[in-house]
Amino acid sequence: MAELKTAQTPTLLIKYHDHGPADGWPVILSHGFPYAPSAFDDVVPLLTRRGARVLVPYLRGFGPTRFRDAETPRSGQQAALGTDLLALMDVVLGSPDDNDEKEGGDDDNHNNKSNKKPIVAGFDWGGVASCVVAALWPERVAGLVSYAGYDIVDVAGQASPAKPFLESIMWYQHLFQTERGRQCLQDHRRDLCRLLWQQWSPGWHPSDDVFARAASAFDNLDFVDVVIHAYRFCFGLESGLPELAALEKKLAEKPKITVPCITLDGSQDPLKPGGSASHDEMFTGRHERRQFNVGHAFPAEAAKEFADAIYDVYMWSH
């Protein structure tokens, strides 16, 4: 297990694992809901053996990551996830206008800043964050690996229903619109999240120990608030943060992704029936779409394929 480090951003104290050589080519792996950095356990060594420096953060509301201010709204909207990732990059890897007086975290962050552009990769919420950064700040990243294609949420489009079968798969999102749903997540978070694992990855059968390791990240005191806001915001039942309104407006315009990118589909994932072929037009740079017979937890189910995609994007960009 790599050392757990802290990146102090304007909003968060982000905890992250830092694997591999400090001068390696950087990769940031972002997990989703309801997962944890452990989803990438088998991906990390495949990358560090190839010379990568791999950063694996806990997202807001997960594990030991904390909000700096008790009064900060516990937003889970996509612009918040994207700006968290960008802020982590600023602190750990450096920003274009970086200087010694810029707000930062551990001394190790300052010592290890390389100003190298990372490849950002993720799935579920982590895929959203990675796509947001790649779309809005393409000059900051070397490339993108995204599970389920162009993963920026069309918030306005959420007002229109999906087909009944897909709505049934999204039962948890409907549940979370109610206070009954909030209480269910509060009281039964492990049972609920284990059920989602089972439904979304029917061919994956992780041990109780594997689930327990991930589920410890759900004990964060902000977990419920962040998760509930994320899905209520997408359904239009809760507003976003005013300071993120401009970014959400840009995301609503469906910005195309210009950086080198590989998108991955899982043919067993009931949340993504039919894959993401219809997203291809959203990628205007070098792009390849790959499909494998796995479910939603792609990096845990197909670690080699996930790592290979990252390495291929690295080779494209170099």
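The sequence shown lines up with residues 1226 to 1543 when you count with the numbering used here. Each residue gets a CB set at the ideal place from its N, CA and C atoms; glycine is no exception. Predicted model, so just to flag it, every value in this text is computed and none were measured.
Exercise. Once you ignore the five residues that flank aspartate 1490 on each side, which residues in its own chain have a CB closer than 6 Å to its CB?
Worked result: Taken in chain order, the residues that qualify are Gly1500, Ser1501, Gln1516.
Exercise. Just checking, does the stretch 1514-1529 make contact with the stretch 1340-1349 on the three C-beta pairs under 8 Å criterion?
Worked result: Contact between the stretch 1514-1529 and the stretch 1340-1349 is present, because at least three Cβ pairs lie under 8 Å.
Exercise. Is it true that the CB of threonine 1234 sits closer than 8 Å to the CB of leucine 1313?
Worked result: Yes; because the gap between Cβ atoms is below 8 Å, this pair is in contact.
Exercise. Is phenylalanine 1401 helix, strand or coil by DSSP?
Worked result: DSSP places phenylalanine 1401 in coil when its eight states are reduced to three.
Problem set entry | Residue from Val1317, Pro1485, Gly1286, Asp1505 whose Cα sits closest to the Cα of arginine 1511 | The shortest Cα separation from arginine 1511 among Val1317, Pro1485, Gly1286, Asp1505 belongs to Pro1485.
Exercise. When burial is assigned at 16 or more other CB atoms within 10 Å of the CB, is methionine 1507 buried or exposed?
Worked result: Looking at its Cβ environment, which holds 16 or more other Cβ atoms inside 10 Å, methionine 1507 is buried.
Exercise. What residues in its chain sit with their C-beta under 6 Å from that of glycine 1257, if we drop five residues either side in the sequence?
Worked result: When the five nearest sequence neighbours on each side are left out, the beta carbons in the same chain lying within less than 6 Å of the beta carbon of glycine 1257 are those of Phe1348, Asp1349, Trp1350, Gly1351, in order along the chain.
Exercise. Per the contact definition of three or more C-beta pairs closer than 8 Å, is the stretch 1441-1450 in contact with the stretch 1288-1295?
Worked result: In this structure the stretch 1288-1295 lies against the stretch 1441-1450, because at least three pairs of beta carbons, one per stretch, are closer than 8 Å.
For this session: Output the distance between the C-alpha atoms of glycine 1368 and valine 1449, rounded to the nearest integer angstrom.
Result: One alpha carbon belongs to glycine 1368, the other to valine 1449, and they sit about 32 Å apart.
Exercise. What residue range is occupied by the uninterrupted alpha helix (DSSP H) comprising histidine 1521?
Worked result: Per DSSP, histidine 1521 belongs to no alpha helix (DSSP H) and is neither H nor E.
Problem set entry | Exposure of serine 1553, with buried meaning 16 or more beta-carbon neighbours within 10 Å | An answer regarding residue 1553 cannot be provided, because it is not within the stretch 1226 to 1543 covered by the chain.
Exercise. Which residues bound the beta strand (DSSP E) around proline 1235?
Worked result: Looking at the DSSP string, proline 1235 is not in any beta strand (DSSP E), and its letter there is neither H nor E.
Exercise. Just curious, the beta strand (DSSP E) that leucine 1284 is in, first and last residue?
Worked result: Where leucine 1284 is concerned, there is no enclosing beta strand (DSSP E), given that its DSSP letter is neither H nor E.
Exercise. Going by C-alpha distance, which of Gln1493, Leu1446, Arg1514, Gly1461 is nearest alanine 1295?
Worked result: Minimum Cα distance to alanine 1295 is reached at Leu1446.
Exercise. Could you give the residue range of the alpha helix (DSSP H) that holds valine 1452?
Worked result: Valine 1452 -> alpha helix (DSSP H) spans 1448-1459.
Exercise. Got a sec? Which residues, its chain only, sit under 6 Å from arginine 1514 by beta carbon, not counting five neighbours each side?
Worked result: For arginine 1514, same chain residues with a beta-carbon under 6 Å away, outside a window of 5 residues either side, are Thr1488 in chain order.
Problem set entry | CB of serine 1371 within 8 Å of CB of serine 1255, strictly | In this structure, serine 1255 does not lie closer than 8 Å to serine 1371 by Cβ.
Problem set entry | C-alpha distance - leucine 1391 paired with aspartate 1322, whole-angstrom precision | Their backbone Cα atoms lie some 45 Å apart in a straight line.
Exercise. Between the stretch 1456-1464 and the stretch 1393-1413, are three or more C-beta pairs nearer than 8 Å?
Worked result: When Cβ pairs closer than 8 Å are counted between the two stretches, the stretch 1456-1464 is seen to touch the stretch 1393-1413, the count reaching three or more.
Exercise. Where in the stretch 1461-1517 do unbroken runs of the alpha helix (DSSP H), each at least 4 residues long, occur, reported from the N-terminal end onward?
Worked result: DSSP runs (the alpha helix (DSSP H)) wholly in the stretch 1461-1517: 1470-1477.
For this session: Say whether the stretch 1297-1304 touches the stretch 1263-1271, bearing in mind that this needs 3 or more beta-carbon pairs closer than 8 Å, one atom from each stretch.
Result: Contact annotation: the stretch 1297-1304 does not touch the stretch 1263-1271, with fewer than three C-beta pairs closer than 8 Å.
Problem set entry | Top-ranked residue by Cα proximity to tyrosine 1260, from Leu1469, Ser1426, Asp1379 | Among Leu1469, Ser1426, Asp1379, the Cα nearest to that of tyrosine 1260 belongs to Ser1426.
Problem set entry | Beta-ladder partner(s) of lysine 1230, from DSSP | According to DSSP, which records beta bridges pairwise, lysine 1230 is partnered with Tyr1241.
Exercise. Which two residues bound the contiguous alpha helix (DSSP H) that contains tyrosine 1539?
Worked result: Its alpha helix (DSSP H) spans residues 1528-1541.
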